[in-house]
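*Asks:* Sharing a structure, written as structure tokens. Questions coming.
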Amino acid sequence: MSAGASALAAPSERRQPGRRLATRLRELAFTRSRRRALTSYVVFIAVWQLGATSQQWLGHALPVLSALPPPTAVLTTWGHLVLDSGYWHSWLASLVRVAGGFAAAVVVGVPFGLTMAMSRGFRGLAFPVFELLRPVPPLAWVPAAIIFWPTQELSIDFVIFLGAFYTIVLNVLGGAETMDPRLVQVARSMGASRWNIFRRLVFRAVLPSILVGMDVSIGITWEVVVAAEMISGGGASGSSSGGGLGFFIWSSYVGGSYPQIVVGMISIGLAGYLSSAALRRLANRFLPWLEARS
Amino acid sequence: MKDSAGPIPVVTAADGVELRAVGMTYGRGREAREVVADCSFRIERGRFTVMIGPSGAGKSTLIRLIAGFERPTRGALTIDGRPISKPGPDRQVVFQETALFPWMTTLDNVRYGPSARGELTPANKARADELIDRVGLSGFRARYPSQLSGGMKRRAELARALVNDPAIMILDEPFRGLDAMTKRLMLEYYARLSQESGRTNFFVTTDVDEALFLADRLLVMTHIPTRVRAVIEVDLPRPRRFADLTGDDRVNEIKMRVLSLLHEEVMKSFASGSRAAADFIDAFRRRLSPPPPVTGP
Numbered sequence: 000m001s002a003g004a005s006a007l008a009a010p011s012e013r014r015q016p017g018r019r020l021a022t023r024l025r026e027l028a029f030t031r032s033r034r035r036a037l038t039s040y041v042v043f044i045a046v047w048q049l050g051a052t053s054q055q056w057l058g059h060a061l062p063v064l065s066a067l068p069p070p071t072a073v074l075t076t077w078g079h080l081v082l083d084s085g086y087w088h089s090w091l092a093s094l095v096r097v098a099g100g101f102a103a104a105v106v107v108g109v110p111f112g113l114t115m116a117m118s119r120g121f122r123g124l125a126f127p128v129f130e131l132l133r134p135v136p137p138l139a140w141v142p143a144a145i146i147f148w149p150t151q152e153l154s155i156d157f158v159i160f161l162g163a164f165y166t167i168v169l170n171v172l173g174g175a176e177t178m179d180p181r182l183v184q185v186a187r188s189m190g191a192s193r194w195n196i197f198r199r200l201v202f203r204a205v206l207p208s209i210l211v212g213m214d215v216s217i218g219i220t221w222e223v224v225v226a227a228e229m230i231s232g233g234g235a236s237g238s239s240s241g242g243g244l245g246f247f248i249w250s251s252y253v254g255g256s257y258p259q260i261v262v263g264m265i266s267i268g269l270a271g272y273l274s275s276a277a278l279r280r281l282a283n284r285f286l287p288w289l290e291a292r293s
Numbered sequence: 000m001k002d003s004a005g006p007i008p009v010v011t012a013a014d015g016v017e018l019r020a021v022g023m024t025y026g027r028g029r030e031a032r033e034v035v036a037d038c039s040f041r042i043e044r045g046r047f048t049v050m051i052g053p054s055g056a057g058k059s060t061l062i063r064l065i066a067g068f069e070r071p072t073r074g075a076l077t078i079d080g081r082p083i084s085k086p087g088p089d090r091q092v093v094f095q096e097t098a099l100f101p102w103m104t105t106l107d108n109v110r111y112g113p114s115a116r117g118e119l120t121p122a123n124k125a126r127a128d129e130l131i132d133r134v135g136l137s138g139f140r141a142r143y144p145s146q147l148s149g150g151m152k153r154r155a156e157l158a159r160a161l162v163n164d165p166a167i168m169i170l171d172e173p174f175r176g177l178d179a180m181t182k183r184l185m186l187e188y189y190a191r192l193s194q195e196s197g198r199t200n201f202f203v204t205t206d207v208d209e210a211l212f213l214a215d216r217l218l219v220m221t222h223i224p225t226r227v228r229a230v231i232e233v234d235l236p237r238p239r240r241f242a243d244l245t246g247d248d249r250v251n252e253i254k255m256r257v258l259s260l261l262h263e264e265v266m267k268s269f270a271s272g273s274r275a276a277a278d279f280i281d282a283f284r285r286r287l288s289p290p291p292p293v294t295g296p
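Below is the structure:
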């Protein structure tokens with residue numbers, strides 16, 4: 000798509016090098032897919048605004064939509080919150096929890112999955128219990144986790160860990176299973192050791208699946224952290240500022256500030272999107288052979 | 000050769016790869032499937048042996064046995080007199096479709112063998128470079144397999160195997176899937192390469208023209224379970240060219256013989272297949288048709 004557009008733009012660029020920036024900007028704003036995306040955003044926000052303010056311009060409230068705070072109110076509230084350190088503390092608290100639980104899931108899940116992939120014996124022993132525990136939703140662990148772990152913080156981290164752990168392990172296993180067995184045969188016939196085969200072949204073959212697993216599971220961790228913070232009351236500090244974004248939404252609801260609920264929701268969405276984007280960026284750096292496909 | 004008394008060159012029993020009464024059965028009991036039965040032959044050192052047989056006859060199984068990826072159910076395999084028990088750098092396999100490591104560049108792929116054995120010496124590095132040059136991939140050292148064409152991948156794979164200086168190259172329909180033109184070029188190229196090095200080659204194919212172009216010695220295999228049906232010496236001068244192979248009487252004579260043998264074997268496989276199919280259809284029809292009406296006396 001973009002390659003085609005730049006190819007079309009190339010002759011005019013050569014003739015008028017001074018207008019390159021203008022051409023680039025036009026490309027950016029006026030490709031068909033971008034126009035569609037922009038239209039989609041505008042229509043969404045317009046419907047939301049009109050629906051939310053239907054009482055004023057229509058005379059009677061539309062169902063469902065009129066219960067929403069209008070985007071203008073959400074923006075105004077957000078404008079105030081951006082200057083409030085408590086809002087940013089909520090971001091930080093959730094971010095630290097997600098980072099901790101997610102990192103633990105990667106550190107435990109990747110070697111666990113790889114060991115199962117490399118050793119049939121270990122897989123036979125570990126996989127049945129794994130499959131037994133996997134259907135239990137992470138949130139069902141919240142009360143048990145609060146009892147198990149000495150601090151509430153640790154129990155939230157643990158639930159986040161579970162949210163990411165299963166997905167990562169399953170992706171590692173799936174990646175190892177789809178590996179071409181001839182690659183290992185080639186390496187064996189060249190006299191490679193088991194460790195070399197693991198390090199240079201199996202791990203590399205599984206790496207894309209590990210990164211896909213991380214990408215999917217970081218989305219799950221944001222789902223889990225919100226629910227866990229709502230249920231547990233937002234961590235040990237107990238104050239509304241230290242409770243994370245989940246608790247921020249909950250306390251906005253309890254306090255009756257509806258625009259603030261929406262700000263919290265958008266913030267969570269944004270956090271999930273940003274962490275996924277960052278991870279994907281990191282992934283591409285580690286997978287040059289997939290990038291190189293042309 | 001110097002000890003040979005008669006016209007037949009003396010080859011010591013220990014030379015090359017030898018299979019003695021090798022059998023391979025997969026599965027047990029009712030599931031058992033005999034793929035190789037009482038198969039004996041020798042791959043003579045320094046010669047180009049081509050194995051040809053109907054597809055699905057168990058040729059790839061024989062390759063896995065010689066490479067040491069699997070152990071036979073019966074019989075024995077030796078290389079230069081030593082029993083084959085596991086894979087080794089003395090036997091390099093080039094598979095049907097590309098088995099290059101996708102995450103390594105051409106250079107890293109070719110260097111993999113020496114590097115994995117901890118033998119990435121300056122001499123071996125130079126050898127890898129030289130092989131890359133010889134297979135015409137000098138400009139593609141830093142490319143990943145996904146960036147190479149089908150023919151380039153095959154050449155990179157040949158270089159990756161040859162860098163280990165194997166006693167025998169085992170090639171399992173390595174040029175299958177390439178277009179006709181590329182395939183022909185690859186065959187001429189590989190024939191020249193192995194003639195120069197005098198290396199032992201074991202080449203598996205289902206294509207008679209390919210077999211005649213390459214072979215010093217041709218093993219015609221039976222339908223599954225596979226055995227050697229005939230051994231044919233292909234005494235055609237080298238270097239050979241495809242153009243010369245078409246009109247030559249000697250070539251046509253060998254070709255007709257191989258084709259008639261293969262035809263018999265393929266018909267056997269069809270016959271056993273169609274017999275089973277006929278039985279099935281027959282049984283099916285009997286089940287569908289209503290029972291004959293009972294007529295009272």
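Protein sequences appear in the order of chains A and B. Under numbering that gives the first Met the number 0, think of the first position of the first sequence as 0, with each following residue one higher. Under numbering that gives the first Met the number 0, think of the first position of the second sequence as 0, with each following residue one higher. We put the CB at the ideal spot given by N, CA and C, even for glycine. Predicted model only: the values in this text are computed from it and were never measured.
1. Mind the definition here: the region 19-28 of chain B touches the region 160-179 of chain B only if three or more C-beta pairs lie below 8 Å; say whether that holds.
2. Looking only at its own chain, which residues have a Cβ that is under 7 Å from the Cβ of phenylalanine 121/A, when we skip the five neighbours before and after it?
3. Tell me which residues of the region 111-124 of chain B have at least one Cβ-Cβ distance to chain A shorter than 7 Å, keeping chain order.
4. Among residues of its own chain, excluding the 5 on either side of phenylalanine 68/B, which ones have a beta-carbon nearer than 7 Å to its beta-carbon?
5. So, with DSSP's three-state summary, where would you put valine 230/B?
6. Have a look at isoleucine 146/A and serine 231/A and give me their C-alpha separation to the nearest angstrom.
7. With DSSP as the reference, please indicate the residues paired to glutamine 184/A in a beta bridge.
8. Mind pulling the chain A residues with CB within less than 8 Å of valine 92/B?
9. If you follow the alpha helix (DSSP H) that serine 39/B is in, where does it begin and where does it stop?
10. Counting contacts by CB-CB distance shorter than 7 Å, is tyrosine 143/B in contact with chain A?
11. Please give the ranges of any alpha helix (DSSP H) in the region 31-56 of chain A, keeping only runs that are unbroken, at least 4 residues long and fully inside the region.
12. Histidine 79/A: buried (16+ other C-beta within 10 angstroms of its C-beta) or exposed?
13. Please confirm if alanine 191/A has its CB atom under 7 Å from at least one CB of chain B.
14. Return no unless some Cβ of chain B is closer than 7 Å to the Cβ of arginine 181/A.
15. In chain order, which continuous runs of the alpha helix (DSSP H) of length 4 or greater are located wholly inside the region 93-137 of chain A?
16. By alpha-carbon positions, which one of Thr225/B, Asp243/B and Val233/B ends up nearest to glutamate 264/B?
17. Is any beta-carbon of chain A found at less than 7 Å from that of glycine 15/B?
18. Tell me the residue span of the alpha helix (DSSP H) that contains methionine 180/B.
19. Out of Pro62/A, Ser65/A and Gly85/A, which has the shortest C-alpha to C-alpha gap to serine 250/A?
20. Check each candidate in Met266/B, Lys182/B, Ala125/B and Phe40/B and name the one with the smallest Cα separation from glutamine 95/B.
21. Output the distance between the C-alpha atoms of leucine 153/A and leucine 169/A, rounded to the nearest integer angstrom.
22. For alanine 75/B, which beta-bridge partners are listed by DSSP?
23. Taking a cut of 8 Å between CB atoms, which residues from the region 187-212 of chain B lie near chain A?
24. Go through its chain and collect everything with a Cβ distance to leucine 210/A's Cβ below 6 Å, but skip five positions before and after it.
25. Distance check for alanine 127/B and aspartate 164/B, CA to CA, integer angstroms please.
26. Would you report the Cα separation of proline 110/A and arginine 193/A, rounded to the nearest angstrom?
27. The beta strand (DSSP E) that contains threonine 199/B, what's its start and end?
28. Return no unless some Cβ of chain D is closer than 7 Å to the Cβ of phenylalanine 139/B.
29. State the DSSP-derived secondary structure class of tyrosine 25/B, mapped to helix, strand or coil.
30. In chain A, which residues lie with their C-beta within 9 Å of the C-beta of asparagine 251/B?
31. Considering only their Cβ atoms, is the gap separating alanine 214/B from valine 49/B smaller than 7 Å?
32. Verify the CB distance criterion: does alanine 155/B have a CB-CB separation below 7 Å to chain A?
33. Tell me whether the region 200-213 of chain B and the region 237-253 of chain B touch, counting them as touching only if at least three CB pairs, one residue from each stretch, are closer than 8 Å.
34. State the DSSP-derived secondary structure class of phenylalanine 68/B, mapped to helix, strand or coil.
35. Does any CB atom of chain A fall closer than 7 Å to the CB of proline 173/B?
36. Throw me the rounded Cβ distance for the valine 105/A and isoleucine 159/A pair, which I believe falls under 8 Å.
*Replies:* For this structure:
1. A contact between stretches requires three or more CB pairs, one per stretch, nearer than 8 Å, and the region 19-28 of chain B fails this requirement with the region 160-179 of chain B.
2. In the first sequence, counting from the first residue as 1, residue 121/A sits at position 122. In its chain, beyond the 5 residues on either side, Thr114 and Met115 have a beta carbon closer than 7 Å to the beta carbon of phenylalanine 121/A.
3. Close to chain A, meaning a Cβ-Cβ distance shorter than 7 Å, are the following residues of the region 111-124 of chain B: Tyr111, Gly112, Ala115 and Arg116.
4. Position 69 of the second sequence, counting from 1, holds the residue named residue 68/B. Once the five neighbours on either side are set aside, the close Cβ partners of phenylalanine 68/B are Pro86.
5. Counting from 1 along the second sequence, the entry for residue 230/B is found at position 231. Here valine 230/B sits in strand by DSSP.
6. What you label residue 146/A is simply residue 147 of the first sequence in a count that begins at 1. What you label residue 231/A is simply residue 232 of the first sequence in a count that begins at 1. Taken atom to atom, the span from the alpha-carbon of isoleucine 146/A to that of serine 231/A is near 12 Å.
7. Taking the first sequence and counting its residues from 1, one reaches residue 184/A at position 185. None; glutamine 184/A has no bridge partner.
8. Counting from one through the second sequence, the residue named residue 92/B turns up at place 93. Residues of chain A whose Cβ lies closer than 8 Å to the Cβ of valine 92/B are, in chain order, Gln184, Val185 and Ser188.
9. Indexing the second sequence from 1 puts residue 39/B at position 40. Boundaries for serine 39/B: no alpha helix (DSSP H) harbours it, while the beta strand (DSSP E) harbouring it runs 32-42, taken from the DSSP string.
10. As a first step, residue 143/B must be located in the second sequence, where it is residue number 144. Judged by the 7 Å Cβ criterion, tyrosine 143/B is in contact with chain A.
11. For the region 31-56 of chain A, whole alpha helix (DSSP H) runs of length 4 or above, ordered along the chain, are 31-51.
12. Here residue 79/A refers to the residue found at position 80 when the first sequence is read from its first residue. Exposed, by the Cβ-count rule.
13. Your numbering for residue 191/A matches position 192 in the first sequence. By the rule that beta-carbons nearer than 7 Å mark a contact, alanine 191/A touches chain B.
14. As a working mapping, residue 181/A is identified with position 182 in the first sequence. The beta carbon of arginine 181/A falls within 7 Å of a beta carbon belonging to chain B, placing the residue at that interface.
15. The DSSP assignment places 119-132 as complete runs of the alpha helix (DSSP H) inside the region 93-137 of chain A, in order along the chain (cut-off: 4 residues).
16. Position 265 of the second sequence, counted from the start, is the residue given in the question as residue 264/B. Taking glutamate 264/B as reference, the option from Thr225/B, Asp243/B and Val233/B with the minimal CA-CA separation is Thr225/B.
17. Counting from 1 along the second sequence, the entry for residue 15/B is found at position 16. Nearest CB-CB separation between glycine 15/B and chain A: not below the 7 Å threshold.
18. One-based indexing of the second sequence puts residue 180/B at position 181. Counting along the chain, the alpha helix (DSSP H) containing methionine 180/B begins and ends at 179-196.
19. On the first sequence, position 251 is the one that residue 250/A refers to. Closest in alpha carbon position to serine 250/A, among Pro62/A, Ser65/A and Gly85/A, is Gly85/A.
20. Locating residue 95/B in the second sequence gives position 96, where the first residue counts as 1. Measuring from the Cα of glutamine 95/B, the nearest candidate turns out to be Lys182/B.
21. Looking up residue 153/A in the first sequence gives position 154. Looking up residue 169/A in the first sequence gives position 170. When only Cα atoms are considered, leucine 153/A and leucine 169/A end up about 24 Å apart.
22. Within the second sequence, residue 75/B is the residue found at index 76, counting from 1. DSSP, once it has assigned bridges, lists Arg19/B as partnering alanine 75/B.
23. Cβ contacts with chain A: none found.
24. Here residue 210/A corresponds to residue number 211 of the first sequence, with the count starting at 1. Within the same chain, Cβ atoms closer than 6 Å to the Cβ of leucine 210/A are found at Ala282, the five residues on either side in sequence being excluded.
25. Numbered from 1 along the second sequence, position 165 holds the residue referred to as residue 164/B. Numbered from 1 along the second sequence, position 128 holds the residue referred to as residue 127/B. Rounded to the nearest whole angstrom, the C-alpha separation of aspartate 164/B and alanine 127/B is 11 Å.
26. Residue 110/A sits at position 111 when you count from the first residue of the first sequence. Residue 193/A sits at position 194 when you count from the first residue of the first sequence. Taking C-alpha positions only, proline 110/A is separated from arginine 193/A by approximately 16 Å.
27. What you label residue 199/B is simply residue 200 of the second sequence in a count that begins at 1. 199-204 is the span of the beta strand (DSSP E), which, as asked, contains threonine 199/B.
28. In the displayed structure, chain D is absent; the protein chains listed are A and B.
29. Locating residue 25/B in the second sequence gives position 26, where the first residue counts as 1. Look at tyrosine 25/B here: in three-state DSSP terms it is strand.
30. As a working mapping, residue 251/B is identified with position 252 in the second sequence. Residues of chain A passing the Cβ test: none, with the nearest at roughly 37 Å.
31. Numbered from 1 along the second sequence, position 50 holds the residue referred to as residue 49/B. Numbered from 1 along the second sequence, position 215 holds the residue referred to as residue 214/B. Result yes, Cβ atoms of valine 49/B and alanine 214/B sit closer than 7 Å.
32. Here residue 155/B refers to the residue found at position 156 when the second sequence is read from its first residue. Not one chain A Cβ lies under 7 Å of alanine 155/B.
33. The region 200-213 of chain B is in contact with the region 237-253 of chain B.
34. Here the question's residue 68/B lines up with position 69 in the second sequence. Assignment of phenylalanine 68/B by DSSP, reduced to helix, strand and coil, places it in the coil class.
35. As a working mapping, residue 173/B is identified with position 174 in the second sequence. Chain A contact via Cβ: absent.
36. The residue labelled residue 105/A in the question sits at position 106 within the first sequence. The residue labelled residue 159/A in the question sits at position 160 within the first sequence. Cβ atoms of valine 105/A and isoleucine 159/A stay farther apart than 8 Å, at about 12 Å.
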